[in-house]
Amino acid sequence: NETQLRLDAFYTFN
Amino acid sequence: MLELRLIQGSLLKKVLEAIKDLVTEANFDCSATGFSLQAMDSSHVALVALLLRSEGFDHYRCDRNLSMGINLNNMSKMLRCAGPEDIITIKGDDGTDTVTFMFESQKQDKISDFEMKLMDIDSEHLGIPDAEYQAIVRMPSAEFARICKDLGSIGDTVVISVTKEGVKFFTRGDVGSANIVCRQNTSVDKPEDSTVIEMNEPVSLTFALRYMNSFTKATTLSEVVTISLSSELPVVVEYKIAEMGYIRFYLAPKIED
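Those sequence lines, one after another, are chains A and B.
Residue numbering for the first sequence follows the numbering used here, starting at 3 and increasing by one per position.
Residue numbering for the second sequence follows the numbering used here, starting at 65 and increasing by one per position.
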């Protein structure tokens, strides 16, 4: 089984 | 005051068709640099970044930075009313809640104005620093689109692996599995038909095909697609827009539980 990561796990909000 | 005149208006039509299914609402930002957009899909898994540089426009006037909140479906409806050869001008003003799209036929014998309501959108800009990628694959965009479409009929996810042998696309579903390998191929006369692999380290990542297939709607914008991969980062799928800029899609990977 796989989990979909979100972009905010990699980048921060400005 | 904002006035952006684009001779090749079809580019703007294609850009909208490429992003409107991924993102429903977004702020278009206008500055001296150009006309840009950054927006995430509603689940924050994918992001689109668009830049159309000011130099690429026939006429570009942007007195001060302006952000226009736009429903992309509505903008797409309006741009579909422009002919394929039409010149498109985007006009806006500070303090108004509308934007006007003007379409001029090549012969200047038909001029249409479409005024669209703007909306307030809370923008959530992500800071995306420049990164070194473990592998960068350049390949014909139509080939990449074909692979994503074919694999999407078999499975939900694609494993993209780059080794010195080439780039491998793998999926598995209820009916079976599929494995497509593209080897480096630079011996063709047309560079846009080449597959070029720059690899610092082998890398293998898993992505949702639903998003990849959505990105390939940008195929009409560029003959070449660039796929940048690193094990610690979202993939970047980039379509260059000739002499104007780019459309980049970022997609977070899936990981094994």
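Cβ atoms here follow ideal geometry from the backbone N, Cα and C, with glycine treated the same way.
Cutoff 8 angstroms: residue i Cβ touching any chain A Cβ
| i | result |
| --- | --- |
| B/ALA96 | no |
| B/THR160 | no |
| B/ALA272 | yes |
| B/TYR320 | The identity of residue 320 of chain B in the sequence shown is Glu, whereas the question assumes Tyr. With 8 angstroms as the cut-off, B/GLU320 counts as an interface residue toward chain A. |
| B/PRO266 | no |
| B/PRO317 | yes |
CB contact flag (residue i, residue j, <8 angstroms)
| i | j | result |
| --- | --- | --- |
| B/CYS126 | B/SER95 | yes |
| B/ASP85 | B/LYS213 | no |
| B/SER191 | A/THR5 | The amino acid at residue 191 of chain B is misidentified as Ser; the sequence shows Gly. Cβ atoms of B/GLY191 and A/THR5: not closer than 8 angstroms. |
| B/ALA82 | B/ILE291 | no |
| B/LEU293 | B/LEU273 | no |
| B/THR97 | B/SER118 | yes |
| B/LYS228 | B/MET263 | yes |
| B/ASN373 | B/THR164 | The structure shown does not extend to residue 373 of chain B, since chain B spans only 65 to 321, so no value can be given for it. |
| B/GLY230 | B/ILE211 | no |
| B/VAL239 | B/ILE218 | yes |
| B/THR162 | B/LEU68 | no |
| B/ARG202 | B/ASP158 | no |
| B/LEU80 | B/SER169 | no |
| B/GLU388 | B/VAL289 | Only positions 65 to 321 of chain B appear in the structure, and residue 388 of chain B is not among them; the question remains open. |
Coarse secondary structure for residue i, derived from DSSP in three states
| i | result |
| --- | --- |
| B/PRO204 | strand |
| B/TYR197 | coil |
| B/ILE185 | coil |
| B/SER107 | coil |
| B/THR221 | strand |
| B/LYS84 | coil |
| B/GLY191 | strand |
| B/ALA209 | helix |
| B/SER74 | helix |
| B/ALA90 | strand |
| A/LEU7 | coil |
| B/LEU66 | strand |
(request) Would you list, in chain order, the members of the segment 104 to 119 of chain B that have their beta-carbon closer than 7 angstroms to a beta-carbon of chain A? (result) MET104, HIS108, VAL109 and LEU111
(request) Could you tell me which uninterrupted alpha helix (DSSP H) segments, each at least 4 residues in length, are contained entirely in the segment 225 to 279 of chain B, listed from first to last along the chain? (result) 273 to 279
(request) Output, in sequence order along the chain, the residues in the segment 287 to 315 of chain B whose CB is closer than 7 angstroms to any CB in chain C. (result) Reference to chain C is not applicable here, since the protein chains of this structure are A and B.
(message) If we require 4 or more residues per run, which alpha helix (DSSP H) segments fall completely within the segment 114 to 175 of chain B?
(response) 136 to 143
(request) Give, in chain order, every residue of the segment 184 to 207 of chain B whose Cβ lies closer than 7 angstroms to some Cβ of chain A. (result) GLU188, HIS189, LEU190, GLY191 and ILE192
(request) Output, in sequence order along the chain, the residues in the segment 229 to 260 of chain B whose CB is closer than 9 angstroms to any CB in chain A. (result) none
(request) Can you give me, in chain order, the residues of the segment 209 to 228 of chain B that have a beta carbon less than 7 angstroms from any beta carbon in chain A? (result) THR221
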